[in-house]
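Number of protein chains: 2
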Amino acid sequence: MKRTSQTDVAVLGALSIEPMSGYRIRRAIADVFGHFWYESFGQIYPTLARLEAAGLVLSRPGSRANASTYEITAAGREHLRARLLEPIFPTPPRNPLLLRVFLGANIDPEAIAGMLDQAEADARQRLATFAAIRAAVAREPLFAELGRFWVATVSAGEHQARAVLDWVDETRVTLSPPAGSVAPA
Amino acid sequence: MKRTSQTDVAVLGALSIEPMSGYRIRRAIADVFGHFWYESFGQIYPTLARLEAAGLVLSRPGSRANASTYEITAAGREHLRARLLEPIFPTPPRNPLLLRVFLGANIDPEAIAGMLDQAEADARQRLATFAAIRAAVAREPLFAELGRFWVATVSAGEHQARAVLDWVDETRVTLSPPAGSVAPA
DNA sequence: GCCCGCATGTAACTGGTTACATGATTGT
DNA sequence: ACAATCATGTAACCAGTTACATGCGGGC
Numbered sequence: 000m001k002r003t004s005q006t007d008v009a010v011l012g013a014l015s016i017e018p019m020s021g022y023r024i025r026r027a028i029a030d031v032f033g034h035f036w037y038e039s040f041g042q043i044y045p046t047l048a049r050l051e052a053a054g055l056v057l058s059r060p061g062s063r064a065n066a067s068t069y070e071i072t073a074a075g076r077e078h079l080r081a082r083l084l085e086p087i088f089p090t091p092p093r094n095p096l097l098l099r100v101f102l103g104a105n106i107d108p109e110a111i112a113g114m115l116d117q118a119e120a121d122a123r124q125r126l127a128t129f130a131a132i133r134a135a136v137a138r139e140p141l142f143a144e145l146g147r148f149w150v151a152t153v154s155a156g157e158h159q160a161r162a163v164l165d166w167v168d169e170t171r172v173t174l175s176p177p178a179g180s181v182a183p184a
Numbered sequence: 000m001k002r003t004s005q006t007d008v009a010v011l012g013a014l015s016i017e018p019m020s021g022y023r024i025r026r027a028i029a030d031v032f033g034h035f036w037y038e039s040f041g042q043i044y045p046t047l048a049r050l051e052a053a054g055l056v057l058s059r060p061g062s063r064a065n066a067s068t069y070e071i072t073a074a075g076r077e078h079l080r081a082r083l084l085e086p087i088f089p090t091p092p093r094n095p096l097l098l099r100v101f102l103g104a105n106i107d108p109e110a111i112a113g114m115l116d117q118a119e120a121d122a123r124q125r126l127a128t129f130a131a132i133r134a135a136v137a138r139e140p141l142f143a144e145l146g147r148f149w150v151a152t153v154s155a156g157e158h159q160a161r162a163v164l165d166w167v168d169e170t171r172v173t174l175s176p177p178a179g180s181v182a183p184a
């Protein structure tokens, strides 16, 4: 049960769409995978060097003097395919909001209410972003083929966000009586 | 924007319920926080030592020769309270399933379908576990007071699991036409 | 001429997992 | 007696973040 890093998958995956510089890979991951994936520069550049050494990507001088454009090789595509088919090991859950809700007896009910408000605002914000992404996908000609997959991940985000909204509504009620309240007559 | 470790919060939080050995803390976290939190032994024992040095917990010889029971101190409770009120920095998202769905064009549609099946099975499994937990909470006298909070976190898990189920249903349809299909006449 | 965005890289650090080693206690 | 569970700890390792250093090129 060894959890292997998925950074290679994310980087090769980005390059499977089109050749890019390291900087642009990072932006693509932030913009497109943003709601379900994250990579930092400190992770991307070493990874790119490793992938190149392994012959999975190749770099060619880019448009600028100091820039390189990375391209996925045939071996890289094959490797990506294989990695995508490996069994998935989900990372151990760590939800700081739920940790606080569980330990809610230690703090002021107001504080919990504030956290729920924040969670609701975040979820609404995400839904707005998703709506914008849907519109963008419809416009982008590049993603005519990949659009279905992209929309599927966006939809997952929407379902999650709506689940949060429903849960917040419900939880505000079940957690509202501040300790010594009585049942309605 | 420094992400500070929440391990102290989880450990102090467990001890805020009742005194326990390190081993039992880990089991309590797995059993009770399991669906939203995780800590390994390699994390718990050093943390306990640190917390004791800081006077936030104290250890007394336990029932067994080689065991200690840890207890939260007044300072520990105060520290926990303060930590719970700190702003929440969610960890960067990393959802390997959505990464695979997005990159689905690189692999066999069957493989994606298999992953969706797996996600569905996992969600159903979780729902069953939650039902069992709800029953257990109702029985547990210790959690008469904390039950509301516990149930709130369980409910969050249920909402998430149902969101997955809905998404899988929907996505099986939107992703089913294997490439060269035509619209219905 | 200056600022901003594009671009690359690395060093220090932290958080966390895994695996291993070891032994006590309890129940069957 | 034996197995399972309770219990503690550590060492090796890995993944990943953050901050820093540096420079090019285009637009205003």
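Just so you know, the sequences run in chain order A and B. Just so you know, numbering that gives the first Met the number 0 puts 100 at position 101 of the first sequence, and the rest follows in order with no gaps. Just so you know, numbering that gives the first Met the number 0 puts 63 at position 64 of the second sequence, and the rest follows in order with no gaps. Ideal placement from N, C-alpha and C gives every residue a C-beta, glycine not left out.
List, in chain order, every chain B residue whose beta-carbon is nearer than 7 Å to that of residue i.
| i | result |
| --- | --- |
| residue 106/A | 80, 83 and 84 |
| residue 155/A | 97 and 166 |
Measuring only between beta-carbons, confirm whether residue i sits less than 8 Å from chain A.
| i | result |
| --- | --- |
| residue 169/B | yes |
| residue 32/B | yes |
| residue 199/B | Residue 199/B falls outside the range modelled here, since chain B spans only 0 to 184, and no answer is possible. |
| residue 35/B | yes |
| residue 151/B | yes |
| residue 45/B | no |
| residue 72/B | no |
| residue 42/B | no |
Taking Cβ-Cβ distances shorter than 8 Å, what residues in chain B pair up with residue i?
| i | result |
| --- | --- |
| residue 24/A | Ordered by position in chain B, no residue passes the 8 Å Cβ test against residue 24/A, which lies about 14 Å from the chain. |
| residue 87/A | 95, 96, 99, 114 and 117 |
| residue 12/A | 98, 101, 102 and 105 |
For the beta strand (DSSP E) that residue i lies in, which residues bound it at each end?
| i | result |
| --- | --- |
| residue 60/A | 56 to 60 |
| residue 170/A | Here residue 170/A belongs to no beta strand (DSSP E); instead the alpha helix (DSSP H) covers 146 to 173. |
Can you find a CB in chain B that lies within less than 8 Å of the CB of residue i?
| i | result |
| --- | --- |
| residue 145/A | yes |
| residue 9/A | yes |
| residue 75/A | no |
| residue 65/A | no |
| residue 91/A | yes |
| residue 18/A | no |
| residue 49/A | no |
| residue 3/A | no |
| residue 15/A | yes |
Span of the alpha helix (DSSP H) holding residue i?
| i | result |
| --- | --- |
| residue 107/B | Careful: residue 107/B lies outside any alpha helix (DSSP H) and carries neither H nor E. |
| residue 25/A | 21 to 31 |
| residue 40/A | 40 to 52 |
| residue 6/B | 6 to 16 |
What residues of chain A sit near residue i, judged by a beta carbon separation below 9 Å?
| i | result |
| --- | --- |
| residue 148/B | 100, 101, 102, 103, 104, 111 and 174 |
Quick one: which chain A residues come within Cβ less than 8 Å of residue i?
| i | result |
| --- | --- |
| residue 162/B | 158, 159, 161 and 162 |
Hey, which unbroken runs of the beta strand (DSSP E) at 3 residues or more fall wholly within the region 62 to 104 of chain A? Qualifying beta strand (DSSP E) stretches, in chain order: 67 to 71.
What are the residues in the region 110 to 137 of chain B lying within 8 Å of chain A by C-beta distance? 110, 114 and 117
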